[in-house]
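Enquirer: Starting off with a structure, shown below.
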Amino acid sequence: MSQADSKTVVEAVGLEKIFYDFWHRPKAAAVNGISFTVRQGEVMGLLGPNGSGKTTTVKLILGLLRATSGSLKVFGQPPAHVQTKLRIGYLPEETYLYKYLTGAETLDFFGALFRLTKEQRTHRTRELLKMVGMELAANRPVGEFSKGMARRIGLAQALINDPDLVILDEPTTGLDPIGCREIKDVIKTLARRGKTVILCSHLLADVQDVCDNVLITYGGKVRAQGRLDELLNVEDKTRITTPKLDAKLLQKIMDLLLKAMPEEEMAVDNPTMTLEDFFMQVVHQARAESVETAGVAYGGEIASFLSGEEAKQKAAEEVLQALAAKQEPEPEPEPEPEPQPDVEKLEDLAKEEKPAEEETPAEKAEPTPRERAAKSKAINDILKNK
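Under our numbering, the first residue of the sequence shown is numbered 104, with each subsequent residue one higher.
See below:
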């Protein structure tokens with residue numbers, strides 16, 4: 104595999120998905136021969152009107168549907184490859200959650216599906232709930248959540264495994280402007296870490312804010328694709344942005360331009376901020392003034408394991424530990440104790456080798472008076488016979 108191929112996350116060639124009716128007659132070609140490539144670190148916007156094949160394409164990438172024809176690879180593997188799914192996070196268009204589980208239990212459940220340890224699940228659940236502003240509702244059943252609150256938990260579950268490929272289908276549905284901004288901040292953070300994001304959305308302003316490339320489909324076919332800055336570039340016009348000019352200098356510039364072009368082809372105005380930027384400015388000012396609210400508490404702080412800070416901190420700790428280990432003098436080895444003889448064993452060996460002592464004959468016992476009398480009588484009888 105070449106270096107270019109190793110950075111390809113999703114590759115589709117001539118992808119086609121046809122739905123059939125009961126009699127196996129072609130009913131609809133939801134995806135009709137599309138080809139595209141998504142590389143590592145890119146944020147791709149998958150755009151198109153309703154029924155143009157966006158959700159079908161996403162389900163093909165996830166392996167939830169099987170392509171009728173064409174080729175599709177995800178991380179170099181077929182979409183049905185089980186181990187590949189451990190590297191994918193998915194937020195569907197509709198948030199399907201178990202309504203009797205709490206927000207914290209929901210994230211713990213999805214973390215267990217990805218084989219995370221109990222410690223990892225607890226740590227990531229806490230950080231993700233804070234990031235999506237759901238800390239205060241962590242122990243409430245999901246069935247009590249509004250659509251926007253459920254959407255926030257859905258986003259958190261899509262990120263619980265720190266995925267390499269994140270697929271977000273209409274992620275800002277039901278969210279307020281602050282929630283939309285927070286999701287865009289998360290997408291930008293993931294892209295900076297080299298993660299790949301596929302974003303399906305009808306809010307084109309959001310797509311323009313975060314996407315590098317776009318793929319526009321219509322009728323199941325690709326109508327336009329490429330880098331967003333190249334597609335949106337208007338080549339026959341020029342825009343110059345400067346600090347605020349005083350009236351005299353501005354008039355000199357206008358007079359110079361009027362000599363080169365008609366006045367109706369020229370426009371001079373002041374740049375404006377987007378409505379979203381203005382809205383965020385008002386909210387931030389209210390928060391700075393500690394204005395109380397019964398709404399969602401906005402954290403806006405990206406989870407450390409998503410931003411890469413956790414990995415950096417762990418690497419720094421390992422380096423410090425290695426340096427500390429080098430600076431500490433190695434302890435001198437203690438002298439080995441001299442072997443001590445086994446006294447009991449030596450005594451046993453000495454007993455085995457020592458020759459047995461010769462038994463001395465027992466001393467004759469002195470005769471009793473009766474024996475002496477019997478002996479004297481025997482001597483006398485012998486003398487008489489003689």
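Cβ atoms here follow ideal geometry from the backbone N, Cα and C, with glycine treated the same way.
Looking at the structure shown, is S304 part of a helix, part of a strand, or coil, going by DSSP?
Expert: Of the three classes helix, strand and coil, the one that applies to S304 here is coil, per DSSP.
Enquirer: Counting pairs of beta carbons, one from the stretch 163-183 and one from the stretch 331-346, are three or more of them closer than 8 Å?
Expert: Cβ pair count under 8 Å is below three, so no.
Enquirer: For I256, report the span of its alpha helix (DSSP H) as first-last.
Expert: It spans K250 to L262 - the alpha helix (DSSP H) in which I256 sits, taken as one unbroken run.
Enquirer: State whether the stretch 150-161 contacts the stretch 209-226, with contact taken as three or more CB pairs (one from each stretch) at a distance under 8 Å.
Expert: The stretch 150-161 is not in contact with the stretch 209-226.
Enquirer: For E114, name the three-state secondary structure that DSSP assigns.
Expert: E114: strand per DSSP, three-state reduction.
Enquirer: Going by beta-carbon coordinates alone, are T205 and P181 separated by less than 8 Å?
Expert: No, the Cβ-Cβ distance between T205 and P181 is not below 8 Å.
Enquirer: Using a Cβ-Cβ cut-off of 7 Å (strictly less than) and excluding sequence neighbours within five positions of M237, which residues of its own chain qualify?
Expert: Excluding positions up to five away in sequence, the list reads G206, M252, R255 and I256.
Enquirer: What residue range does the beta strand (DSSP E) around T140 cover?
Expert: Per DSSP, T140 belongs to the beta strand (DSSP E) from P129 to R142.
Enquirer: Quick check on the burial criterion: 16 or more other C-beta atoms within 10 angstroms. Buried or exposed for S249?
Expert: Burial call: exposed.
Enquirer: Rank M357, V134, V385 and T299 by C-alpha distance to the C-alpha of T111 and give the top, closest one.
Expert: Minimum Cα distance to T111 is reached at T299.
Enquirer: So what does K324 bridge to, in DSSP terms?
Expert: Looking at the DSSP assignment, K324 forms a beta bridge with Y321.
Enquirer: Could you check the C-alpha separation between A391 and I281 for me, to the nearest Å?
Expert: When rounded, the distance between both Cα atoms is 15 Å.
Enquirer: For R224, does the three-state DSSP call read helix, strand or coil?
Expert: If DSSP states are grouped into helix, strand and coil, R224 belongs with the helices.
Enquirer: Have a look at M234, N316 and T345 and flag the residue whose alpha-carbon is nearest the alpha-carbon of R284.
Expert: That would be M234, whose Cα lies nearest to the Cα of R284.
Enquirer: In terms of residue numbering, what span does the alpha helix (DSSP H) encompassing S407 cover?
Expert: Taken as a continuous stretch (DSSP letters only), the alpha helix (DSSP H) holding S407 covers S407 to S410.
Enquirer: So, with DSSP's three-state summary, where would you put F122?
Expert: Three-state result, F122: strand.
Enquirer: Between the Cα of H184 and those of Q354, L271, T471 and L165, spot the shortest distance and give me the residue it belongs to.
Expert: Closest option to H184, Cα to Cα, is L165.
Enquirer: Run through DSSP, which three-state label would R295 get?
Expert: Three-state DSSP puts R295 in a helix.
Enquirer: Are there 16 or more other CB atoms within 10 angstroms of the CB of R224, so buried, or fewer, so exposed?
Expert: Counting Cβ neighbours within 10 Å, R224 comes out buried, since at least 16 surround it.
Enquirer: Using C-beta distances below 6 Å, list every residue in its chain close to E114, excluding the 5 sequence neighbours before and after it, in chain order.
Expert: If we look at E114 and ignore the five residues flanking it on each side, its Cβ neighbours are T140 and K176.
Enquirer: What is the residue span of the alpha helix (DSSP H) that M357 lies within?
Expert: Note, M357: alpha helix (DSSP H), A350 to L361.
Enquirer: For A170, which residues in the same chain have their Cβ closer than 7 Å to its Cβ, ignoring the five residues on either side in sequence?
Expert: Once the five neighbours on either side are set aside, the close Cβ partners of A170 are L118, E119, K120 and L163.
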